[in-house]
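Structure first, then comments.
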Amino acid sequence: MPRNLDMTALRSFVAVAEAGGVTRAAGVLNLTQSAVSMQLKRLEEALGLTLLDRTARKIALTATGEQLLGYARRMLDLNDEVYARLTAQEFEGEVILGVPHDIVYPAIPQVLQRFNTEYPRVKVQLLSSFTRRLKEQFARGEVDVILTTEDEADAGGETLTELPLIWIGAPGGQAWKSRPLRLAYENSCIFRGSVQSALDRAGIPWEMAVESNSTRTIEASVSADLAVHTVIEGSEPPYVERIQHGGALPELPTKQINLYVSDVTGGKVTDDLAAQIRQAYRTY
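Counting the sequence shown from 1 gives a position; our numbering is that position plus 86.
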């Protein structure tokens, strides 16, 4: 049958080991010397081990006590972290995170899951929109943290990674061979201008075959081979594939994924969320 260690007794043990005696430890813990001595005795009896060498003038740890000290410190640290995370008022509330539609996957779900584990009493509201709109909302203080896809970061932005745009179409599709090239884009997509310029420079005629405010509409049209689209490498949605055009379409520019953290509505929780996003993109 599993047995449990007494956390109060462990705290007294660590205090005695670090203070070098029961008297000083009692002062640190705000307990009487007899209470601390009783807890030490109870801990030794529970383990069936001698943890302190009481033969010398100054209390010292036995070899077993030295071994326990490392475990005890880690257990107390974890205990204190649990109480801080779950009960402290500063770890309650809501954080608003804005992310463009096309880079929600694959990094953001992992971040949200990890953040929820560490801050179960903090609600993260994920706002999925376009970079231009997110930056406007961020400037008005309506969003705490945003990611953007841009050519370069504005003041206050931090570039997490830089990745190329790629052409995508239906699996085995033929739309990429049509001329004029049929394009599908959201109305507010920040990529469409640079893609159109690349096609113009390459002398490839194009037409905007599908326009919508809905990302799902664009994805459905592309997967039906009605048009082609571009996304940041690694963020391809399901039911489409990267077009292997063999040079028939122009190479596209790279885009930065940038992070902006509010210095007005921010705090420890917001900073920790931003840190987790940075960590996710280090392996992206």
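Think of the CB as a built atom: it goes at the ideal place given N, C-alpha and C, for glycine as much as any other residue.
With a cut-off of 8 Å on Cβ pairs, the region 210-229 is not in contact with the region 253-262, counting fewer than three such pairs.
Between the region 89-96 and the region 126-139, the count of C-beta pairs closer than 8 Å reaches three or more; the two stretches touch.
Secondary structure note for GLY179: its beta strand (DSSP E) is the uninterrupted segment 179-186. Looking at the DSSP output, GLN211 shares a beta bridge with ILE182.
For THR141, the three-state secondary structure derived from DSSP is coil. Taken atom to atom, the span from the alpha-carbon of PRO336 to that of SER348 is near 38 Å. A distance below 7 Å between beta-carbons, with the five flanking residues on each side excluded, links GLY242 to the following residues of its chain, in chain order: TYR346. In the displayed model, SER98 falls within a helix according to three-state DSSP.
Runs of the alpha helix (DSSP H) lying entirely within the region 186-272, each at least 4 residues long, are 193-204 and 217-225 in chain order.
Distance from the CA of TYR205 to the CA of ARG171, rounded to the nearest whole angstrom, comes to 6 Å.
Sixteen is the threshold: since fewer than 16 other Cβ atoms of the shown chains lie within 10 Å of the Cβ of TYR157, the residue is exposed.
The C-beta distance from SER274 to TYR191 rounds to 20 Å, too long to meet the 8 Å contact threshold.
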